[in-house]
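Comments concern the structure below.
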Amino acid sequence: MFYPQEIIDQVIEANNIVDVIGSYVPLTKKGSTYFGLCPFHSEKTPSFSVTDNGSKQMFYCFGCHTGGSALTFIMKYENYSYSEALKVLADRAGITLPKPDYSQAVSERYKKKQRILDAYKDAAIYYVHLLRSERGANAYKYIKDRDLDDKTIRDFGLGYSDKYRDDLYQYLKKKGYTDEELKDTGLVSIRETDTHDYFWNRLMFPIMDTSNRVIAFGGRVLGQGEPKYLNSPETICFEKSRNLYGLNIAKRHKGKDLILVEGYMDVISLHQAGFTNAVASLGTALTDNHASVLKRYTDNVLISYDSDGAGQDAALRALPKLKSAGINAKVVDLNPYKDPDELIRALGADEYRKRLKEAVNGFIFEVGVLKRSYDLEDPGEKTRFGNEICNRLSYINDELEVENYLQVFCARYKLDYEIMSSKVKKLALGHEGVEYAPKTSGNNINKDNRQKDGLEQNQKMLLAHLANDPSLYEKLSKIIDESDFGLTPYDIIAKLMFNQFRQGKFNPAGIISSFEDCNDQEQAAQILYNDFADMDDETRKKALTDCVKKLKTNHISRMIEEEKDIVKILELKKEQEYLKKLVIFKE
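Heads up: the sequence shown is residues 49 to 635, going by our numbering.
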């Protein structure tokens with residue numbers, strides 16, 4: 049934290065969010081909330097809301113799910129850093145900011161991060177230079193053979209890492225970087241017996257964050273060699289599971305959808321063909337964090353993975369993660385072509401645009417893939433196929449959605465509607481509230497990941513309930529505290545929130561603004577803005593009780609795993625048993 053929290057709170061509280069945002073966006077009051085057209089995505093009907101109800105000085109767009117405080121708005125709208133945006137608001141309120149309060153640890157981390165970013169920028173410039181030099185002739189030929197034009201090459205900052213094993217190392221040393229700094233970047237391996245570049249003889253793809261800063265690299269080997277594609281190791285600037293290639297450009301797309309593809313070249317070729325809303329995960333399967341990032345920019349994702357078995361499996365694994373994030377996902381049929389680039393080369397951009405419009409609903413795609421494992425001419429196999437469809441439908445809680453799917457599948461596969469409908473209802477009674485996780489032809493979704501996803505959702509919901517009704521704190525503080533939250537950023541939000549409650553105040557905008565990163569601010573806003581308007585009192589109390597029990601039980605389980613004293617372990621287990629009978633809201 050560069051400034052004391054009380055200074056940040058003072059600046060936020062001194063700026064009415066309606067006045068701040070109203071100077072950029074025309075707002076109209078409806079009830080106690082103001083609405084306007086969202087400046088962060090294209091829309092015709094206002095879904096951008098601004099609330100200045102007491103301390104709840106927040107904005108939230110129900111269309112693109114962007115939200116935050118006045119500070120978040122300035123950062124996003126003006127593309128300012130945290131410090132720049134805070135100064136704008138401080139100047140606006142006539143507040144003089146003190147000299148930033150860098151603790152030694154924070155100061156060192158900030159300097160280290162900035163030095164890494166500087167090195168990446170210098171490396172990117174050097175790679176671009178090499179691509180245009182005689183040494184990069186083969187790499188440049190490879191790009192041109194893929195029909196990429198110079199504008200596309202320039203827009204994506206493509207470059208080349210030389211065949212010499214320490215070429216970049218020598219260049220960056222001359223720029224003044226120390227060996228320790230270069231090790232931190234992950235661009236160089238430095239040992240007593242050997243020093244060499246992490247990337248060599250590769251076509252280089254700079255990976256940029258949404259602020260257009262180079263935060264890592266991907267490299268494709270030229271000629272023979274493994275792996276074919278190589279990503280930078282993770283650093284304090286780069287986490288693969290939270291970054292999407294091409295999002296820095298795609299976020300400016302004015303349409304409603306984002307296209308999700310497999311790799312760098314897929315993104316680049318699609319952008320050149322006019323599909324500037326294409327993004328890709330970075331050498332890893334789509335994660336829950338990726339899905340959360342996508343949700344900030346769209347409600348609709350078109351999965352355009354390769355049409356081979358591996359691509360289909362990857363699509364199957366991505367679908368439940370996107371659904372869990374609240375995203376409507378469809379799958380694009382590329383057959384008989386392997387990838388989007390191949391299809392566009394053969395049939396043109398208009399045909400690909402047509403395929404996007406004809407993309408298949410995610411659940412229908414799952415069943416279509418499932419069908420390939422059964423011979424529907426065989427009565428026994430057709431029965432097993434029908435039973436599996438019923439099993440999957442039984443996990444869907446929306447009756448109308450189930451009804452629509454039943455009509456489609458029964459008509460398409462000549463299955464008896466009455467029998468199928470009856471079976472779905474019977475199966476549904478056995479697992480109410482449990483979400484189905486589809487199998488792929490490869491591995492099942494990892495159990496630990498599912499448990500983490502459930503715990504993450506639990507912590508998120510509990511914080512949302514507390515934010516929506518701060519009076520709950522007095523009752524819940526006798527059972528839980530911030531130490532029960534074990535996942536970031538929920539542990540940070542809980543600590544800030546509980547501290548505010550102890551001081552007799554609740555300032556959501558202050559909590560949001562305590563995060564330096566704009567994406568973290570938006571994530572906090574999504575938690576703090578939920579008003580549970582569609583949930584009746586009884587349902588809300590039941591959901592809250594379940595959240596508290598699960599949160600506390602999980603924390604005690606972690607303590608039991610770490611505890612060595614058998615007496616304390618038995619005491620903790622007794623506490624777990626007590627939680628099963630816990631009643632928070634007495635009738």
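Built from N, CA and C at the ideal position, the CB exists for glycine as well.
Asked, Found
"Pairwise C-alpha distance: S340 and V66", "27 Å"
"S355 to P388 span [Cα, whole Å]", "9 Å"
"Cut-off 7 Å between Cβ atoms - residues of its own chain near R140, not counting five sequence neighbours on either side", "N63"
"Proximity to L375 [Cα-Cα], best of A394, V349 and L382", "Checking the sequence, you will find Ile at residue 375 rather than Leu. Looking at the Cα atoms, V349 is the closest of the given residues."
"Inter-residue spacing [alpha-carbon to alpha-carbon] between L230 and I164", "8 Å"
"Simplified DSSP state of M468, which is helix, strand or coil", "helix"
"Where D57 falls, given that 16 or more other Cβ within 10 Å makes a residue buried", "buried"
"Option in S470, E466, V596 and T431 with minimal Cα separation from A512", "V596"
"Runs of alpha helix (DSSP H) lying entirely within the stretch 69-142, each at least 4 residues, in chain order", "118-126 and 130-141"
"Contact check, G207 vs Y174, beta carbons under 9 Å", "yes"
"P384 burial status per 10 Å Cβ neighbour count (16 or more: buried)", "exposed"
"Endpoints, the alpha helix (DSSP H) within which G478 is located", "That residue, G478, is in no alpha helix (DSSP H); it is neither H nor E in DSSP."
"Among K299, Q624 and K589, the one whose alpha carbon lies nearest that of F633", "K589"
"Spatially closest choice to F554 from H113, V408 and D517, by CA coordinates", "D517"
"Residues near V68 in its chain [Cβ-Cβ closer than 8 Å; skip 5 each side]", "A118, F121, I122, L137 and R140"
"N-terminal and C-terminal residue of the alpha helix (DSSP H) that H244 is part of", "Element bounds for H244: not the alpha helix (DSSP H) but the beta strand (DSSP E), T243 to D245."
"Where M313 falls: helix, strand or coil (DSSP)", "helix"
"Through-space distance from A264 to E287, alpha-carbon basis", "9 Å"
"Whole beta strand (DSSP E) elements within the stretch 376-416, 3-residue minimum", "376-379"
"Residue(s) in a DSSP beta bridge with N64", "BP columns for N64 are empty, so no partner."
"Reference K161, options A187, D232, E390 and I614, closest by Cα", "D232"
"Cβ-Cβ separation, T200 to H319 (assumed contact under 8 Å), whole Å", "7 Å"
"Burial state of G481, where buried means 16 or more other Cβ atoms lie within 10 Å", "The predicted model places G481 with a pLDDT of 44, which falls under 50 and marks its position as unreliable, so this point remains unresolved."
"L475 vs E414 beta-carbon contact at 9 Å", "no"
"Close beta carbons around D529, own chain, < 7 Å, minus the five adjacent residues each side", "F546"
"Buried/exposed call for T241, threshold 16 Cβ in 10 Å", "exposed"
"Local Cβ density within 10 Å of T76, reported as buried at 16 or more and exposed below that", "exposed"
"Assigned secondary structure, S209 (DSSP; H/G/I helix, E/B strand, else coil)", "strand"
"Residues sharing a beta bridge with A326, DSSP", "I307"
"Delimiting residues of the alpha helix (DSSP H) encompassing Y225", "Neither: Y225 is in no alpha helix (DSSP H) and is coded neither H nor E."
"Sufficient close CB pairs (3 or more, under 8 Å) joining the stretch 260-278 to the stretch 294-314", "yes"
"D585 burial status per 10 Å Cβ neighbour count (16 or more: buried)", "exposed"
"Cβ-Cβ distance between Y225 and A167 below 9 Å", "yes"
"L178 classed as buried or exposed, judged by whether at least 16 other C-beta atoms fall within 10 angstroms", "buried"
"Buried/exposed call for E570, threshold 16 Cβ in 10 Å", "buried"
"Beta-carbon separation (whole angstroms), D214 vs D245, contact threshold 8 Å", "6 Å"
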